[in-house]
Ligand SMILES: Cc1cc2nc3c(=O)[nH]c(=O)nc-3n(C[C@H](O)[C@H](O)[C@H](O)COP(=O)(O)OP(=O)(O)OC[C@H]3O[C@@H](n4cnc5c(N)ncnc54)[C@H](O)[C@@H]3O)c2cc1C
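Right under this line is the structure:
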């Protein structure tokens with residue numbers, strides 16, 4: 076089989092790339108190892124359309140998130156995908172957190188985020204009567220999206236423009252990288268299939284470093300090694316979910332390992348508290364990755380302590396275990412902040428290969444912009 080573009084990975088990024096590729100007239104195939112799309116990070120996140128307030132000015136995350144925020148709302152309208160521009164508060168719970176809040180505000184202004192307002196605790200109380208804080212940033216451009224609907228829409232769009240989306244097939248090795256690529260794929264039955272392609276897009280999420288390695292790239296030298304970082308969520312009782320109408324975020328981790336245990340809302344109005352952030356060592360088998368911690372009550376207690384600081388009506392009994400997601404972080408424990416890697420690999424002697432590595436948050440918000448960036452780089456080579 077020979078195609079123009081082969082995409083490895085059927086999460087939101089691979090699917091957005093497949094739609095972009097097929098619309099540009101390339102013959103396109105996307106392969107996904109699971110039996111359906113979006114079984115990993117893309118269905119295990121907060122579903123937030125981020126504003127771009129947090130990221131280092133000039134970084135890909137800042138640029139693509141700012142653009143992605145606007146594009147995402149437009150894409151949802153175009154594709155008929157559910158979204159709600161609910162807005163969010165980033166709260167300084169105590170006065171000693173206010174200087175950190177001010178730094179976030181300044182960064183947001185520098186990044187060009189529109190509509191930011193600093194509010195007193197009293198002003199916040201009028202809009203969110205159950206939230207207690209010293210002051211807060213109101214971010215009106217933040218919203219939520221139904222990520223499953225979005226992925227389904229990109230899948231249909233890709234197929235309607237002729238792309239092949241194949242499930243239960245895993246990329247296993249590179250047979251040749253001379254004049255395009257010959258790759259070996261393995262079906263669930265164990266049967267091996269060879270495919271020839273001119274371009275490869277590596278959108279393999281948590282495994283994107285391993286895929287890059289299979290092309291002969293030294294991932295430590297290139298800075299591509301992924302450090303998986305797990306985040307649990309707790310569901311908030313429906314009774315208490317009704318108290319909240321905006322997303323509520325605390326001050327983020329100083330090195331942005333995470334944006335903090337926040338209150339998210341889904342399309343049914345159900346609130347979730349999370350995610351926490353823990354680097355995983357290699358000892359946890361893949362079959363256990365997405366299981367909520369066996370020390371469930373200890374973890375619920377931790378979530379309760381994090382949430383009750385700014386949501387005092389919360390009680391421990393309001394929380395129950397929910398989903399688990401894993402961030403494909405390039406930033407290891409104690410490392411400085413890292414950006415997304417979107418690399419056309421001519422420099423590694425692999426023209427036509429685009430590696431997407433470390434596509435953690437705000438990757439969902441940026442999906443459409445990342446797809447455009449990939450094709451701009453691919454075409455330029
Ligand atoms: C806890 C958490 C919260 C988040 N919250 C937000 C948020 O609120 N807003 C936001 O914008 N972003 C958020 N994100 C980030 C966002 O979810 C990701 O950036 C995005 O989902 C990445 O999509 P992806 O397609 O790159 O990866 P994935 O969804 O992980 O998809 C990669 C796919 O590649 C497949 N694959 C891997 N290896 C192979 C192989 N060898 N052969 C075939 N297929 C393979 C996998 O099976 C998988 O389906 C969050 C992430 C996490 C973990």
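Numbering (the numbering used here), first residue to last: 76 to 456.
Every residue gets a Cβ at the ideal spot worked out from N, C-alpha and C, and that includes glycine.
Note that the structure is predicted; figures quoted are calculated from it, not measured.
Boundaries of the beta strand (DSSP E) in which residue i is found, first to last residue
{"i": "residue 84", "result": "Careful: residue 84 lies outside any beta strand (DSSP E) and carries neither H nor E."}
{"i": "residue 363", "result": "Premise fails: residue 363 is in no beta strand (DSSP E) and is neither H nor E."}
{"i": "residue 217", "result": "First-last for residue 217: undefined, no H or E at that position."}
{"i": "residue 164", "result": "163-167"}
Cβ-heavy atom distance, residue i to ligand 1, below 8 Å
{"i": "residue 416", "result": "no"}
{"i": "residue 503", "result": "The question about residue 503 has no answer here: the residues shown for the chain are numbered 76 through 456."}
{"i": "residue 135", "result": "no"}
{"i": "residue 120", "result": "yes"}
{"i": "residue 396", "result": "no"}
{"i": "residue 162", "result": "no"}
{"i": "residue 83", "result": "yes"}
{"i": "residue 267", "result": "no"}
{"i": "residue 280", "result": "yes"}
{"i": "residue 339", "result": "yes"}
{"i": "residue 406", "result": "no"}
{"i": "residue 86", "result": "yes"}
{"i": "residue 218", "result": "no"}
{"i": "residue 246", "result": "yes"}
{"i": "residue 112", "result": "yes"}
{"i": "residue 442", "result": "yes"}
{"i": "residue 357", "result": "no"}
{"i": "residue 403", "result": "yes"}
{"i": "residue 236", "result": "no"}
Residue range of the alpha helix (DSSP H) that includes residue i
{"i": "residue 178", "result": "173-186"}
{"i": "residue 235", "result": "222-235"}
{"i": "residue 195", "result": "Unbroken run through residue 195 is the beta strand (DSSP E), 192-195; no alpha helix (DSSP H)."}
{"i": "residue 378", "result": "371-383"}
{"i": "residue 152", "result": "135-154"}
Residue(s) in a DSSP beta bridge with residue i
{"i": "residue 430", "result": "277 and 418"}
{"i": "residue 402", "result": "304"}
{"i": "residue 77", "result": "271"}
{"i": "residue 354", "result": "304"}
{"i": "residue 242", "result": "107"}
{"i": "residue 394", "result": "311"}
{"i": "residue 248", "result": "259"}
{"i": "residue 210", "result": "167 and 195"}
{"i": "residue 123", "result": "219"}
{"i": "residue 158", "result": "220"}
> Below 8 Å, can you find three or more Cβ-Cβ pairs linking the stretch 363-378 to the stretch 266-273?
Replying inline: no
> Are the stretch 125-133 and the stretch 418-426 touching, with three or more C-beta to C-beta distances below 8 Å?
Replying inline: no
>> Restricting to runs no shorter than 3 residues, where is the beta strand (DSSP E) found entirely within the stretch 261-348?
In response: 267-277, 302-311, 322-324 and 337-340
> Is it true that the stretch 138-146 meets the stretch 424-444, where meeting means three or more beta-carbon pairs spaced less than 8 Å apart?
Replying inline: yes
> So, do the stretch 337-347 and the stretch 301-318 have three or more beta carbon pairs nearer to each other than 8 Å?
Replying inline: yes
> If we count Cβ pairs, one from each stretch, closer than 8 Å, do we get three or more for the stretch 105-112 versus the stretch 384-391?
Replying inline: no
> Are at least three pairs of beta-carbons, each pair with one atom in the stretch 219-239 and one in the stretch 185-193, less than 8 Å apart?
Replying inline: no
>> If contact is defined by three or more beta carbon pairs under 8 Å, each pair taking one atom from either stretch, is the stretch 295-313 in contact with the stretch 188-208?
In response: no
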